[in-house]
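Asks: Residue numbers 1 to 312, in full-length UniProt numbering, belong to the letters of the sequence shown in order.
Below is one structure. I have some questions about it.
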Amino acid sequence: MTEKVVIALGGNAILQPKQEATYENQRENVRISTEIIAKIVKNGHEVIVTHGNGPQVGNILRQNEEAKDVVPALPLDVCSAESQGFIGYMMEQTLKNELNKLGLNNQVVSMLTQTEVDRHDPAFEDPSKPIGVFYSEEEAKQLAEEKGWDVKEDAGRGWRRVVASPNPKSILSSDTIKLLTDNKVIVIASGGGGIPVVREKDGSLTGIEAVIDKDRSAFRLAEEAKADVLMILTDVDNVFVNYGKPDQKALGTITLEEAKGYADEGQFSAGSMGPKVEAAMKFAEMGGRAIICSLGQADLAVEGKAGTQIKK
Ligand SMILES: Nc1ncnc2c1ncn2[C@@H]1O[C@H](COP(=O)(O)OP(=O)(O)O)[C@@H](O)[C@H]1O
Ligand SMILES: NC(=O)OP(=O)(O)O
């Protein structure tokens, strides 16, 4: 059965924390991801791809800040647009190559996407979105002091700079995305959660400095593009209960009620698995099928044979 699938690729899939942030490393990781996405297309599904940008947007911002005496620094929303362009370029090119290898000639387009947020969102007062590279606690605190950054510990993996991450209210080009997918075009959209923008009183749009969580905006994208499946890909095969403890247990197919129960127990860390499960539950609530799984198992998971699957 053909299903419309929104695939959300984790930042880890594009740049692993221990890798050097070279173009070559990132392009190869993206190529590996698009090899799997091409298989899903080959199996007959309509696909919309979205992706994270945490490491990349942090690096672009840093480049701008460090070089500001030579070239004026650009604001964070523009860095977000740059990251969408750069990742979209790698993804569009490698996906087309991988589709060609499978004898498929689908059109692929990557769209710069703006996401509307509320300028009064309380998230602007409480920066929480980790961007850029990881630091030791000592380095992070020193950088915070020297450069005025906000820094936080990131889900047990080290310390990172954090910026405001408002809730995505609407993906602005979702009508166009839907039109394209309805016409069999594979769309790469809303990368890095989308470029954050706010609507002025006269209806016009302007950018605002923030980085939107891509799991939250993937849910909005799936909702607005009327997808059947929301698939969030990360670096673990399943969602676990008692994660990291000797009695950890992988979750297979679970009901929305079961997922809510585990979330209420605090099983999913705020900065990592929490937003994924939250997005998956909201999508399941709407009657869709939500999957959280590893990149390597994505083609099996879409057929219901792997990963954590949440249904109403
Ligand atoms: N309950 C859980 N089950 C599985 N993984 C979890 C859980 N709680 C926290 N995690 C962590 O969440 C990580 C995935 O989140 P994150 O690194 O933010 O993803 P990505 O960058 O791929 O979007 C996993 O690598 C794992 O360490
Ligand atoms: N924007 C965003 O959520 O990126 P990551 O998935 O890379 O953190």
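Even glycine gets a Cβ: it sits at the ideal position worked out from N, Cα and C.
Here the structure is a predicted model, which means the values were calculated and not measured.
Just how far apart, CA to CA, sit Pro-168 and Glu-65?
Replies: 26 Å
Asks: Under the DSSP definition of a beta bridge, which residues are partnered with Tyr-135?
Replies: Per DSSP, Trp-159.
Asks: Closer than 7 Å to a non-hydrogen atom of ligand 2 - does that hold for the CB of Gly-156?
Replies: no
Asks: Within the same chain, show all residues whose beta-carbon is closer than 8 Å to that of Lys-178, passing over the 5 residues directly before and after it, in chain order.
Replies: Glu-224, Ala-225 and Lys-226
Asks: Using a Cβ-based criterion (distance less than 7 Å to any ligand heavy atom), does Asn-29 qualify as near ligand 1?
Replies: With a threshold of 7 Å, the Cβ atom of Asn-29 does not count as near ligand 1, since no heavy atom of the ligand is closer than that.
Asks: Does the separation of the CB atoms of Lys-221 and Ala-189 fall below 8 Å?
Replies: Residue identity differs from the one stated: residue 221 is Leu in this sequence, not Lys. Contact flag set, yes.
Asks: Tell me whether Val-239, by its Cβ, gets closer than 7 Å to a heavy atom of ligand 1.
Replies: Correct: Val-239 has its Cβ closer than 7 Å to ligand 1.
Asks: Return yes when at least one heavy atom of ligand 2 lies under 7 Å from the C-beta of Val-211, else no.
Replies: The beta carbon of Val-211 sits closer than 7 Å to at least one heavy atom of ligand 2.
Asks: Between the alpha carbons of Leu-118 and Arg-31, how many angstroms are there, rounded?
Replies: The identity of residue 118 in the sequence shown is Asp, whereas the question assumes Leu. C-alpha separation (whole angstroms): 35 Å.
Asks: What distance in whole Å lies between the Cβ atoms of Ala-279 and Ile-195, which are believed to be in contact at a cut-off of 8 Å?
Replies: With 8 Å as the limit, Ile-195 and Ala-279 do not qualify as a contact, their Cβ atoms being about 19 Å apart.
Asks: Taking CB distances under 8 Å as the criterion, tell me whether Pro-127 reaches chain D.
Replies: Looking at the structure shown, chain D is missing, and only one protein chain is on hand.
Asks: Return the bridge partner residues of Lys-276 from the DSSP annotation.
Replies: In DSSP, Lys-276 forms no bridge with anything.
Asks: Going by DSSP, what residues sit across from Ala-8 in a beta bridge?
Replies: For Ala-8, which the question treats as bridged, DSSP gives the partners Thr-50 and Ile-232.
Asks: When DSSP builds the beta bridges, which residues end up paired with Glu-116?
Replies: Ser-170 and Val-197
Asks: Is there at least one non-hydrogen atom of ligand 1 closer than 7 Å to the beta-carbon of Gly-52?
Replies: yes
Asks: Skipping 5 residues on each side, what residues in its chain have a beta carbon closer than 8 Å to that of Ile-291?
Replies: Val-229, Leu-230, Met-231, Ile-232, Ala-280, Ala-301, Val-302, Gly-307, Thr-308, Gln-309 and Ile-310
Asks: Ordered along the chain, which non-local residues of its own chain (more than five positions away) have a Cβ less than 8 Å from that of Ile-40?
Replies: Val-5, Ile-7, Val-47, Ala-298, Asp-299 and Val-302
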